[in-house]
Structure formats: C-alpha cells, structure tokens
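Asks:
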Amino acid sequence: MIVAGRQKSIAFFIALGAGLICVIILLYVGWVLLNWRHGILLVLGTLLMAAIISGVVLNTIFLVREIRLNAQHDAFINAVTHELKTPIASIRLYLETLQTRAVDEARRLEFYRIMVDDSERLLGTIEQVLRTGRIGASRRRLNLSRIDLGGVVEQCVERLRAVHKVAPEALAYHPGPPVTIVGDAEEVRAAVSNLIDNAVKYSGNDVKVTVETANVNGKYVALRVTDHGPGIEKTELKRIFKRFYRVPGAVATRVKGTGLGLYIVRSVAKRHGGRAWAESEGPGHGATFVLQLPIVK
Amino acid sequence: MSRILIVEDEQHLAEGLRFNLEAEGYQVQVVDTGEAALEMVRPEAPPFDVVILDVMLPGIDGFEVMTQMRHSGQFVPTLMLTARGHPDDILRGFAAGADDYLPKPFELAILIARISGLLRRREWLRASMNHSAEAPAGPDEAFTFGDKSMHFDRLELQVRGQVFPLTLMEANVLRYLIRHQGKTVSRKAMLEEVWGLHEDTDTRAIDNFIVRLRRYIEDDPTHPRHLLTVRGVGYRFVAESQP
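Residue numbers (numbering that gives the first Met the number 0), protein chains in the order written: chain U, 0 to 296; chain G, 0 to 242.
Structure representation (structure tokens):
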C-alpha cells in the first residue's frame, strides 16, 4: 500500500517536470516566432531558456533520485529490522523452550547449536551495519599493513565452508601465485568474505562456487568468485553495488540481506586503489564477481 | 487433535514452534512459502484449526496470502507473526483478515495462550451454533435487518444480492451487537464477551472491527445508521435504520 503510494507520487512529479518543460518549450517557440526580428534579444532569450530548461530537468532528476533513495532507505530499515529480530526471536524461543519443557539430551544439543548459529547471524548483521558506518566516515584512516591475500582468501573460504556446511568441492579455491598487498586487513577480509558469502547464499541448494586469484599485468591481483546461481540482468550489474540496493523480485525475498554487502566491497576496493565489478551473461547463467587490488613488490 | 499450519520460511523458528506446539499436543504442519500455504488450505485438503502466518515470505507475502485465503472463502482463524511491529503493519494484517497479530520476538507462553484462545473461540462458536434452540434471544443462523441479512452459519453477509464473507471475529462481534440490539454495549464488555479477555487490553482494536463491519452493512460508513457510536461508552446496534 505504502509502496504503491510512493510509486504514484514519483509518477506525478515526473509528469509535472515533463509537463513544465513542454510548456516552456511551447512558450519559447511562440516567442521566437513572434520576435524573430530582434537579433540580440533572441540570443539572450535562447540562453536564458536553455538555462531554465536545464534547471527544471536537473530539479526533476534530483527529486526522483531523492524519492528513490528514500524508498531504498525504508527497504533497508525493514531488512535490518527483520535481520535483527528474527535471530533474536529464534534464540528467545529456544531459551524459553529449554526453560519450560523437558527436552532430551540430543534435542538440547541441537537447540544449543541453533542458538549459536542465530547469534552468529545476528553478529554478522551488526558488523555489516557498523562497517558501513565506518566506511561512510571517510576521514577514518586505513590501518595499513602488508597482507598475504592468498592467506586471507583461504581463511575466508574455510570459515564459510563451515558456516554454510558446504563441501570443499562445492566451494573450491584455486590459489594463484602468492601476492602481497598493502591494506587494512580487517576491511579486505570483510570484502573477500562478503563476495564469497553472497555467491554461496544466492546459489540456493545446489552450491557450485569457484574462488580464484590471478595476477593482472603484474600490477594488480584479481580475486574472481564465480557462481552458478540465478545470474544478474545487464541493467543491474552496476546498481547492485549501491548502498541499500537490492535487486527487486523473488530472489531478493528468498535470500535475506541488508543491501550493504556489495557496497562494502566496492568501498573497500576504492579505498585501496582498486575496483570491484560484476559479470553475468544474464538471468540463469550465474555470475562472476571480481575484486581487483594493487600489488606491492 | 487440533491441527495447526505454520507458514514460516525461517527454518529455526519454524522448527522451534513445531517442537513446542507438538509438546502442547497439537498436530503441526510446516510450509515455507505463501504459495504452499494456499495449497494446504484448499477446501478439499484436510482442514486446519489455526494458521500461524509469517509476513516476510519468499514469493507472495503474508498479507497477500491472508487476503487470498479470505477471498477464497477460507475462514480458518489466523494469527500473523512478523518482525514488523509497526502500527501500519498490524492494521494492514487485520485489514487483510487476520484474527490476531503478534510481533517478533514473542513470548512463547503468550503465543501458546493466543493459539488456544483462537481454538477456544472456534469451539464456543460451534457450541453456540449447536444450541440455537436454547437461545432464542440471539441470532444463530440468520438475521435480517433492512435489506441486509447475516448468515452466521456460513459467515456470510448478504447486502442486496451481494455476498461478503466475514471473518470469524467479525461475525462474532456482529452477533454480539445484534444480541444486544437497541442497547449500548461498552468496549470493555465486548472484549470480555467476544474475545474472552479480562485484562486492560487496548480497546481500540474493537474500533477497527467496527470500521470494517460498517463498510459492509452501512450504505454510507461515515454516517452509520445501524452501528451507532455512543460517545465515551461504546456502540449500539439498531435493526431499523435510524433517520
């Protein structure tokens, strides 16, 4: 209901902007037809009109952007609320169950395991949100050190195999020649972990993810994470790196998330003098995410 | 044994609920999408006594599931369960036809109490239908006023040939008002008699039901002629439309 209302208000303002521009052009053409003899006035008028029209266009674009951002922000708040409250609800449910019912030994251990999983999930969400806040504060300096990228990737892969309970064949790592980069170890680890985590999450039940590192022209190292998941529309390849952005549709409601993961990846890449991008042949063809960072000798 | 359907895509929560409700002696079925839920409540499938419905589901969401269920004439008592506790969301849940709404995280004891409340209400309704002969004062099968008639046995309201399906709670509120027609009933009395609640619950929930009932039975819901507000007290039902 609320979303439909917002769509309507966007449509109204776009129509208003377009309508006003049409009126201006009409008035202008009329004015030129009436006054074509006065040369200087004509030039002056042309310039002024051009200025007014670009002003109106800019204004309309700005307005629509703001409305979109606002909508994404709402969606983000909803997603974070869900991501924070669901694990808490689950932990609480199991605690109350253990408190009020006679539970046999095997079940009790199972419940403990579920609660640990849920607290991990909760912690993951909180860290993601806090990291976004830190990255947003651009004045914060990076905690630079020399990092063995291969080692970081190896650790992330092993941790995520355990978290998602996938076999080494399903989440394979093909290390390239060892490389050293200079960067903030914590941020680089978060970016690598987000990329691999996404690949596994979006793969659904049939996980087939490959992670590889390769040298690019001796200057950069590229981490490529390839999955055989739902794939990405060409038009979405850039947008998915925006803050709060989630691809609309069924996949995003099936896979829970806050819309921060790829934003963090891109920000970390930029802060380290590298870049991050996505490649996909379209829906149904899987996707490859690349994180490219400069090498130090 | 009462049968409960849990519609929840968060596996941990669903399994925790299943364990507890089975421990309470209910027969529990879990599905993780709205589409599967609609499939489970088809008329030819074995009926459920209560449905617990999550809002954020993959595919169609809980509000949509609720609306579709009520539109297809499926009036099983439903408790909506969601992380979104915003008043707008709660109202939207009730407007879609939910009988109760509980935000996450919830207390286990409260959830179980609400489920047994929904089941008890259902039992009472059944009992009151079976005792129609002993209660001549109240309308038990059908009641006609003006050009409208309410069929309590089918939970249907007919207005000039049009048929509106009511939820169980809507029907119960209307039945209570009709039983006391001409007299003013307080919100507190309605809470106690219809919902079976005795604590100081927020009585504005009732106003919501009244708004919905007015939409069905009043020609102009902003100027009600059957379901009158008595300021500061409650409501009064009159069968003959007031000028």
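Every residue gets a Cβ at the ideal spot worked out from N, C-alpha and C, and that includes glycine.
With a cut-off of 8 Å, does the C-beta of residue 149(G) fall near any C-beta of chain U?
Replies: Against the second sequence, residue 149(G) aligns to sequence position 150. Closer than 8 Å: no.
Asks: Taking residue 163(U) as part of the alpha helix (DSSP H), name the residues at either end of that continuous run.
Replies: Against the first sequence, residue 163(U) aligns to sequence position 164. Counting along the chain, the alpha helix (DSSP H) containing residue 163(U) begins and ends at 148-163.
Asks: Could you tell me how far apart the beta carbons of residue 234(U) and residue 178(U) are, in whole angstroms, since I believe they sit closer than 8 Å?
Replies: Here residue 234(U) refers to the residue found at position 235 of the first sequence. Here residue 178(U) refers to the residue found at position 179 of the first sequence. With 8 Å as the limit, residue 234(U) and residue 178(U) do not qualify as a contact, their Cβ atoms being about 34 Å apart.
Asks: Is the region 3-16 of chain G touching the region 228-247 of chain U in the sense that three or more CB pairs, one from each, lie closer than 8 Å?
Replies: Contact between the region 228-247 of chain U and the region 3-16 of chain G is absent, because fewer than three Cβ pairs lie under 8 Å.
Asks: Residue 103(G) versus chain U: which residues are under 7 Å apart at the beta carbon?
Replies: Residue numbering aside, residue 103(G) sits at position 104 when the second sequence is read from its first letter. Ordered by position in chain U, the residues that pass the 7 Å Cβ test against residue 103(G) are 84, 85 and 88.
Asks: Classify residue 146(G): buried if its beta carbon has 16 or more other beta carbons within 10 angstroms, exposed otherwise.
Replies: On the second sequence, position 147 is the one that residue 146(G) refers to. With fewer than 16 Cβ atoms within 10 Å of its Cβ, residue 146(G) is classed as exposed.
Asks: Can you look up residue 221(G) in the DSSP assignment and give me helix, strand or coil?
Replies: As a first step, residue 221(G) must be located in the second sequence, where it is residue number 222. Reduced to three states, the DSSP call for residue 221(G) is coil.
Asks: What residues in its chain sit with their C-beta under 6 Å from that of residue 137(G), if we drop five residues either side in the sequence?
Replies: Along the second sequence, one-based indexing puts residue 137(G) at 138. Legend: pLDDT at residue 137(G) = 49, less than 50; position of this residue unreliable, value from coordinates given subsequently. For residue 137(G), where only same-chain residues beyond five positions count, the Cβ hits under 6 Å are 178.
Asks: Measure how close the beta-carbons of residue 249(U) and residue 58(G) come, nearest whole angstrom, since I'm counting them as under 8 Å.
Replies: Taking the first sequence and counting its residues from 1, one reaches residue 249(U) at position 250. Taking the second sequence and counting its residues from 1, one reaches residue 58(G) at position 59. Yes, residue 249(U) and residue 58(G) are in contact; Cβ-Cβ is about 6 Å, under 8 Å.
Asks: Using a Cβ cut-off of 9 Å, pull out every chain G residue sitting near residue 163(U), in sequence order please.
Replies: Along the first sequence, one-based indexing puts residue 163(U) at 164. Chain G residues near residue 163(U): none, gap ~14 Å exceeds 9 Å.
Asks: Which runs of the alpha helix (DSSP H) spanning at least 4 residues fall entirely within the region 77-116 of chain G, listed in chain order?
Replies: Taking only runs of at least 4 residues, the alpha helix (DSSP H) segments lying wholly in the region 77-116 of chain G are 86-95.
Asks: Name, going along the chain, the residues of the region 51-64 of chain G whose beta-carbon falls closer than 7 Å to a beta-carbon of chain U.
Replies: Cβ contacts with chain U come from 55, 57 and 58.
Asks: Assuming residue 260(U) contacts residue 127(U) under a Cβ cut-off of 8 Å, what Cβ separation, rounded to an integer in Å, is found between them?
Replies: Counting from 1 along the first sequence, the entry for residue 260(U) is found at position 261. Counting from 1 along the first sequence, the entry for residue 127(U) is found at position 128. That pair is a contact at about 7 Å.
Asks: In chain U, which residues lie less than 8 Å from residue 171(G) when you measure between Cβ atoms?
Replies: If you number the second sequence from 1, residue 171(G) lands on position 172. In chain order: nothing, as chain U lies at least about 27 Å away.
Asks: Report yes or no: is there a C-beta of chain G within less than 8 Å of the C-beta of residue 122(U)?
Replies: Taking the first sequence and counting its residues from 1, the one referred to as residue 122(U) is at position 123. False, the Cβ-Cβ gap to chain G never drops below 8 Å.
Asks: My understanding is that residue 83(U) touches residue 131(U), with C-beta atoms under 8 Å, so please give their C-beta distance in whole angstroms.
Replies: Indexing the first sequence from 1 puts residue 83(U) at position 84. Indexing the first sequence from 1 puts residue 131(U) at position 132. The pair is not a contact, with the Cβ atoms about 14 Å apart (cut-off 8 Å).
Asks: Any idea what DSSP makes of residue 11(U), helix, strand or coil?
Replies: By one-based count along the first sequence, residue 11(U) stands at place 12. Three-state DSSP puts residue 11(U) in a helix.
Asks: Is the beta carbon of residue 107(G) less than 8 Å from the beta carbon of residue 51(G)?
Replies: On the second sequence, position 108 is the one that residue 107(G) refers to. On the second sequence, position 52 is the one that residue 51(G) refers to. No. Outside cutoff.
Asks: Quick one: is residue 240(U) buried, meaning 16 or more other Cβ sit within 10 Å of its Cβ, or exposed?
Replies: Within the first sequence, the letter at position 241 stands for residue 240(U). The residue is buried, with at least 16 neighbouring Cβ atoms inside 10 Å.
Asks: Can you list, in chain order, the residues of its chain with a C-beta nearer than 8 Å to that of residue 0(U)? Leave out the 5 residues immediately preceding and following it.
Replies: Residue 0(U) sits at position 1 when you count from the first residue of the first sequence. A caution first: residue 0(U) carries a pLDDT of 35, below 50, which makes its placement in the model unreliable, though a value can still be read off. Correct list: empty, nothing qualifies.
Asks: Return the CA-CA distance between residue 278(U) and residue 236(U), expressed in angstroms with no decimal places.
Replies: For the purposes of this step, residue 278(U) is identified with residue 279 of the first sequence, where counting begins at 1. For the purposes of this step, residue 236(U) is identified with residue 237 of the first sequence, where counting begins at 1. When rounded, the distance between both Cα atoms is 7 Å.
Asks: In chain order, what are the residue ranges of uninterrupted alpha helix (DSSP H) at least 4 long that sit wholly in the region 61-108 of chain U?
Replies: You should have found no qualifying run.
Asks: For residue 205(U), return the contacting residues in chain G, with the cut-off set at a CB-CB distance below 9 Å.
Replies: Within the first sequence, numbered from 1, the residue matching residue 205(U) stands at position 206. Per Cβ cutoff of 9 Å: no residues; residue 205(U) is ~17 Å from chain G at best.
Asks: Can you pull the chain U residues whose beta carbon is under 7 Å from the beta carbon of residue 15(G), in chain order?
Replies: Position 16 of the second sequence, counted from the start, is the residue given in the question as residue 15(G). By Cβ distance, chain U contributes 89, 92, 93 and 96.
Asks: Decide if the region 51-61 of chain U is in contact with the region 8-16 of chain U; the criterion is three or more beta carbon pairs, one per stretch, under 8 Å apart.
Replies: They touch, by the three-pair rule.
Asks: Taking the CB atoms as reference points, tell me whether residue 150(U) and residue 219(U) lie closer together than 8 Å.
Replies: The residue you call residue 150(U) lines up with position 151 of the first sequence. The residue you call residue 219(U) lines up with position 220 of the first sequence. Taking 8 Å as the Cβ cut-off, residue 150(U) and residue 219(U) do not qualify as a contacting pair.
Asks: Is DSSP giving residue 180(G) helix, strand or coil here?
Replies: As a working mapping, residue 180(G) is identified with position 181 in the second sequence. Coil.
Asks: How far does the beta strand (DSSP E) with residue 212(U) in it extend, from its first residue to its last?
Replies: Looking up residue 212(U) in the first sequence gives position 213. Its beta strand (DSSP E) spans residues 208-215.
Asks: Inspect the beta-carbon positions of residue 97(G) and residue 77(G) and report whether they are closer than 8 Å.
Replies: Taking the second sequence and counting its residues from 1, the one referred to as residue 97(G) is at position 98. Taking the second sequence and counting its residues from 1, the one referred to as residue 77(G) is at position 78. In contact: residue 97(G) and residue 77(G) (Cβ atoms closer than 8 Å).
Asks: Can you check DSSP and say which residues form a bridge with residue 293(U)?
Replies: For the purposes of this step, residue 293(U) is identified with residue 294 of the first sequence, where counting begins at 1. The partner list for residue 293(U) (beta bridge, DSSP) reads 219(U).
Asks: With DSSP as the reference, label residue 230(G) as helix, strand or coil.
Replies: Here residue 230(G) refers to the residue found at position 231 when the second sequence is read from its first residue. Looking at residue 230(G) - three-state DSSP - the assignment turns out to be coil, as it is neither helix nor strand.
Asks: Just the chain G side, please: which residues come within less than 8 Å of residue 113(U) by C-beta, in chain order?
Replies: To locate residue 113(U), count along the first sequence from 1; it is residue 114. Those are 11, 14 and 15, listed as they occur along chain G.
Asks: Listed in chain order, which residues of the region 49-82 of chain U have Cβ atoms closer than 8 Å to some Cβ of chain G?
Replies: Correct list: 77, 80 and 81.
Asks: Would you call residue 42(G) buried or exposed, if buried means 16 or more other Cβ atoms sit within 10 Å of its Cβ?
Replies: Against the second sequence, residue 42(G) aligns to sequence position 43. Label assigned to residue 42(G): exposed.
Asks: Could you name the residues of chain G that residue 100(U) contacts, counting a contact when the two beta carbons are closer than 9 Å?
Replies: Numbered from 1 along the first sequence, position 101 holds the residue referred to as residue 100(U). Result: 18, 19 and 22.
Asks: For residue 71(G), which three-state DSSP category applies?
Replies: Here residue 71(G) refers to the residue found at position 72 when the second sequence is read from its first residue. Correct three-state label for residue 71(G): coil.
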